[in-house]
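Scroll down for the structure; my scribbles are underneath it.
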Amino acid sequence: EDYGSIAASKVLSNSFRHKGNSAVLTAGLSIADVVGAGVLAMGPATANLGWLLGSIVLILLLAMNIHITLLIWRVYMEYPQANTLTELASAAFAKAPAAHQRAIEWATSSIQSVWIFAALALYTLTMGKGLGMIFYDAHLCLPVWTLIGCLLILPGNLHVRSLGEYSSPIWINIATTMGTCLIPIVWLACQGVDSTRSSTATFAAVAPDLTGSSFVSSLCTYGFAFCGQFIIVEIMSEMENPAEFPKAYAYMSGPVQAAIFLFVGLGVYYYRGSEAHDLVLEELPFNGLGRIAAGCLVVHMTVTFVIKSVIFCQHSVTSLSKNGLIDDDSRNSKRQWYLSVLVVVSVSWLVAQIVPFFEDLVNLMGAALVPIGCFILPILYYLRLLMDKGFESNAIGVAELLIIQLELALSVVILVYGIYTTSISIMDKW
3 EDYGSIAASK VLSNSFRHKG NSAVLTAGLS IADVVGAGVL AMGPATANLG
53 WLLGSIVLIL LLAMNIHITL LIWRVYMEYP QANTLTELAS AAFAKAPAAH
103 QRAIEWATSS IQSVWIFAAL ALYTLTMGKG LGMIFYDAHL CLPVWTLIGC
153 LLILPGNLHV RSLGEYSSPI WINIATTMGT CLIPIVWLAC QGVDSTRSST
203 ATFAAVAPDL TGSSFVSSLC TYGFAFCGQF IIVEIMSEME NPAEFPKAYA
253 YMSGPVQAAI FLFVGLGVYY YRGSEAHDLV LEELPFNGLG RIAAGCLVVH
303 MTVTFVIKSV IFCQHSVTSL SKNGLIDDDS RNSKRQWYLS VLVVVSVSWL
353 VAQIVPFFED LVNLMGAALV PIGCFILPIL YYLRLLMDKG FESNAIGVAE
403 LLIIQLELAL SVVILVYGIY TTSISIMDKW
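First residue of the sequence shown? That's 3 in our numbering, and the numbers climb one at a time after it.
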């Protein structure tokens with residue numbers, strides 16, 4: 003049976019796939035993908051809410067993210083021939099009216115592409131900041147540092163064409179993530195809270211200056227930090243046994259994500275209070291220790307950039323070939339891959355110059371793209387599956403349906419109010 007665009011792109015799409023990833027490697031990939039730039043902003047996000055409220059909201063949003071990711075997995079197990087999120091959306095709506103299927107496929111593809119470009123721009127911006135911290139005595143502007151970062155990314159990005167091709171960078175990425183987060187917090191701990199938290203900073207279970215805007219701002223940051231749905235189908239499709247995905251994601255990756263995000267958010271908030279910086283590394287002084295932490299950040303951003311870039315370039319080459327815009331001859335595949343990587347890296351640098359404010363770019367992505375692409379659309383895929391396959395065969399209860407309704411309602415709140423507050427903040431800074 004032909005599920006939309008799947009049959010047309012299956013051969014070329016599979017040429018990029020590295021089948022056989024274990025549950026452990028899949029957990030590592032998901033950690034490397036999710037624990038990216040978002041973890042660096044956990045300090046101010048927690049400070050907006052307070053240590054108790056922040057912890058509760060963080061855990062609830064992480065649980066929501068895991069639940070919706072498992073909804074995607076349920077749909078994938080019905081249509082395992084899907085290799086991308088767009089293909090899965092098309093398959094899920096294969097029995098819907100043709101206009102509905104085209105609309106959902108277009109929405110998924112568009113939002114996924116915009117998200118990945120925005121994420122790559124954020125990684126580029128963060129890498130530029132990291133390089134500036136390493137070479138703080140070299141007086142170059144941020145656009146130049148981000149350009150240098152892009153040039154450092156290129157060799158690896160040109161060479162790697164599938165997520166499971168090399169496993170060692172995944173574990174290096176996790177190690178450098180820990181270094182990026184641990185070094186600033188350990189340094190703060192060594193200084194002592196009396197010297198790191200000023201007398202004007204607050205530290206409370208619930209932030210005394212909590213407002214609707216600051217609450218939604220933290221929701222946007224948390225939503226951005228946790229989202230991995232945009233490339234999760236690609237990760238599933240490279241597993242040796244996709245039936246083990248829940249074990250990899252919910253039981254292996256989930257607790258690690260929770261521990262890292264809570265450690266960074268609560269650690270920075272405890273030592274800095276309400277005056278936490280946008281980027282956790284900005285808590286460090288300009289010295290050798292800061293350079294080591296910034297070096298970890300640069301490596302972390304490089305690997306995370308390549309993970310998302312590989313997914314996007316795979317999707318781009320496959321889509322262009324399917325539409326007859328490029329020749330699908332394998333002899334030209336390397337040339338096409340190189341060209342797609344060069345375009346992606348170049349556009350990422352350009353987008354990073356348009357919104358050069360780290361926290362606002364995180365919140366804008368968390369408000370505009372995450373609610374639709376990571377929450378609402380995946381829920382629609384699953385609800386369509388229920389309509390086609392029947393509620394009883396998918397063993398969904400009233401309680402889970404209620405949870406899904408609450409998730410949809412929260413997504414709409416983040417989308418509408420988050421875009422409004424973030425847009426005002428960006429305009430004020432410009």
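For every residue, glycine included, the Cβ atom is placed at its ideal position computed from N, Cα and C.
Could you tell me which residues DSSP pairs with residue i in its beta bridges?
i, result
"Met241", "Asn23"
Taking 6 Å as the limit between beta carbons, can you name the residues of its chain near residue i, skipping five residues before and five after?
i, result
"Glu3", "Per-residue confidence for Glu3 stands at a pLDDT of 36, beneath the threshold of 50, marking its modelled position as unreliable; the derived number appears in the next sentence. Answer for Glu3: no residue qualifies."
"Gln355", "Pro145"
"Ala370", "Ile421"
"Ser239", "Asn85"
"Asn16", "For Asn16, the predicted model reports a pLDDT of 46, less than 50, meaning its position is unreliable; a value from the coordinates is still stated below. So no residue of the chain qualifies."
"Ser318", "Ser342"
"Ala98", "none"
"Leu404", "none"
So the candidates are the options; which of them puts its Cα closest to the Cα of residue i?
i, options, result
"Cys315", "Gln338, Phe263 and Leu54", "Gln338"
"Cys183", "Gly297, Trp75, Glu277 and Val266", "Val266"
"Tyr253", "Met44, Leu54 and Leu72", "Leu72"
"Ser215", "Gly392, Asp430 and Ile416", "Ile416"
"Thr204", "Tyr273, Leu122 and Ile406", "Tyr273"
"Cys376", "His141, Trp117 and Ala100", "Trp117"
"Trp147", "Leu127, Gly158, Asn159 and Glu242", "Leu127"
"Lys336", "Leu404, Ser111, Leu42 and Leu160", "Leu160"
"Val188", "Gly158, Ala245 and Val270", "Val270"
"Val343", "Met180, Leu156, Thr423 and Ile309", "Leu156"
"Asn289", "Trp108, Leu190 and Tyr138", "Tyr138"
"Gln231", "Pro99, Ala245 and Thr110", "Thr110"
"Tyr340", "Ala207, Gly132 and Gly158", "Gly158"
"Ile233", "Gly181, Leu154, Leu142 and Ser115", "Ser115"
"Gly292", "Gly132, Glu107, Ile68 and Asp211", "Gly132"
"Leu62", "Tyr224, Asp430, Thr202 and Ala401", "Tyr224"
"Leu286", "Leu190, Ala207, Ile309 and Leu264", "Leu190"
"Leu154", "Ala401, Ser318, Leu404 and Met303", "Met303"
Given a cut-off of 7 Å, decide if residue j and residue i are closer than it, judged by their beta-carbon atoms.
i, j, result
"Gly77", "Tyr383", "One detail in the question is off: residue 77 reads as Val in this sequence, not Gly. Contact: yes."
"Pro171", "Val305", "yes"
"Gly45", "Val282", "yes"
"Met66", "Glu284", "no"
"Ala296", "Met135", "yes"
"Thr178", "Cys298", "yes"
"Met367", "Phe226", "yes"
"Ile262", "Leu31", "no"
"Trp75", "Phe247", "yes"
"Cys229", "Val372", "yes"
"Ala250", "Thr28", "yes"
"Thr423", "Val195", "no"
"Ile68", "Gly256", "yes"
Hey, residue i and residue j are a contact pair by Cβ (cut 8 Å); roughly how many whole angstroms apart?
i, j, result
"Cys222", "Gly40", "Contact doesn't hold; Cβ gap of about 10 Å is too wide."
"Ile185", "Val301", "Rounded, the Cβ-Cβ distance is 13 Å, inconsistent with contact."
"Leu87", "Val235", "5 Å"
"Ala260", "Leu64", "6 Å"
"Ile33", "Ile176", "6 Å"
"Asp430", "Ala43", "Asp430 to Ala43, Cβ: 18 Å. No contact."
Leaving aside the five residues before and after residue i along the sequence, list all residues of the same chain whose C-beta is less than 7 Å from its C-beta, in chain order.
i, result
"Ile8", "At Ile8, the pLDDT of 36 sits below 50, so the modelled position is not reliable and the matter cannot be decided from this model."
"Ile381", "Ile70, Leu73, Ile406, Glu409 and Leu410"
"Val346", "Leu122, Ser311, Phe314 and Cys315"
"Ile378", "Leu410 and Ser413"
"Ile374", "Ile113 and Leu417"
"Gly181", "Ala295 and Cys298"
Take residue i and list the residues in its own chain whose beta-carbon comes closer than 8 Å to its own, dropping the five residues that flank it on each side.
i, result
"Ser220", "Ala47, Thr48, Asn50, Leu51, Gly56 and Val59"
"Phe119", "Phe314, Val346, Val349, Ser350 and Val353"
"Leu268", "Thr48, Trp53, Gly56 and Ser57"
"Ser200", "Gly275 and Glu277"
"Glu242", "Lys21, Gly22, Asn23 and Ser24"
"Ile398", "Leu388"
"Lys391", "Glu80"
"Tyr5", "Confidence in Tyr5 is poor, its pLDDT being 32 and thus under 50, which makes the residue's placement unreliable; the coordinate value appears in the next sentence. Hits under 8 Å: Tyr81, Gln83, Ala84, Glu89, Ser92, Ala93 and Ala96."
"Ser425", "Leu366"
"Val26", "Ala250 and Met254"
How about residue i: is its C-beta nearer than 7 Å to some C-beta of chain C?
i, result
"Pro99", "Included in the structure is just one protein chain, with no chain C present."
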